[in-house]
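Reviewing the structure listed below.
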Amino acid sequence: METTYIMVKPDGVQRGLVGEIIGRFERKGLRLVGLKSLIPSEEIARAHYEVHKERPFFPGLIKFITSGPVVCMAWSGVGAIGVARNLIGPTNGRDAPPGTIRGDFGMEIGYNMIHGSDAAETAEFELGLWFPEGTMDWLPDRENWVYE
Ligand code: IDP
Ligand code: MG
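Structure follows, in C-alpha cells:
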C-alpha cells in the first residue's frame, strides 16, 4: 500500500473541476484518506516546489499556487503514486493523452490543474508538509471488490 499527495491547483478549483477530478480517483478504486481546502501560504508553496526554485517559471508558479483555494488530498492504494500519475497524465495538457485529467481538460503547462507526488520520498515529504495533522487510517468495505 502507498499513499500519494494529490492537489487540485487554483485553476482546477476556479474552473469547477474538483468534483470531476475527485470522481476519477474514487472510481479508479483509490481510497481517500485526507481532504481539505485552503489558500496556500507563500511559505508552504515555496517548500512544496523547492526542487524548482532555480527554474525561470518558479516566481510565476508560486504566485499562481497562492492565488486562491487548492484542494489537498491524500489517496491510498497499491502502487497509488504511479496509478495517480497515470490518471493525471504528462505535465503539458497539449501532449497529454485523452483519458488523462490533463489530456481531457488542459491546454497549458502552467495551467495543468492538478499535482501528484512523483516518487515515494516526495510523497512522504509532501504528505508531511500539507497534512502535518496526519491522514486517516480506514478501509472502505468496497475494497474487497477492488483487490482480489
Ligand atoms: P509535474 O506537475 O507533472 O510533476 P513538474 O515538472 O514537476 O511537473 O513541474 C511542477 C509544476 O511546475 C508543473 O505541474 C507546472 O504547474 C509548473 N511548470 C513546470 N514547467 C513549467 C513551465 O515551463 N512553465 C510554467 N509552469 C511550469
Ligand atoms: Mg513534479
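Under our numbering, the first residue of the sequence shown is numbered 39, with each subsequent residue one higher.
The beta carbon of each residue, even a glycine, is placed where N, CA and C say it ideally should be.
Checklist line | Status (buried if at least 16 other CB within 10 Å, exposed otherwise) for Phe161 | finding: It is Ala, not Phe, that sits at residue 161 in the sequence shown. With 16 or more other Cβ atoms within 10 Å, it is buried.
Check: Can you tell me whether DSSP reads Thr42 as helix, strand or coil?
Finding: strand
Next item on the list: Assign Ile147 to one of three DSSP states: helix, strand, or coil.
Entry: coil
Notebook entry, point to check: So is the beta-carbon of Asp133 under 7 Å away from any non-hydrogen atom of ligand 2?
Noted result: no
Notebook entry, point to check: In angstroms, rounded to a whole number, what distance separates the CA positions of Ile119 and Gly106?
Noted result: 26 Å
Notebook entry, point to check: In chain order, what residues of the same chain have a beta carbon less than 7 Å from the beta carbon of Ile126, not counting five sequence neighbours either side?
Noted result: Thr138, Ile139, Arg140, Ile152 and Gly154
Item checked: Span of the beta strand (DSSP E) around Ala157 -> No beta strand (DSSP E) contains Ala157, which DSSP labels as neither H nor E.
Notebook entry, point to check: Taking all protein chains shown into account, do 16 or more other C-beta atoms lie within 10 angstroms of the C-beta of Met174, making it buried, or fewer, making it exposed?
Noted result: exposed
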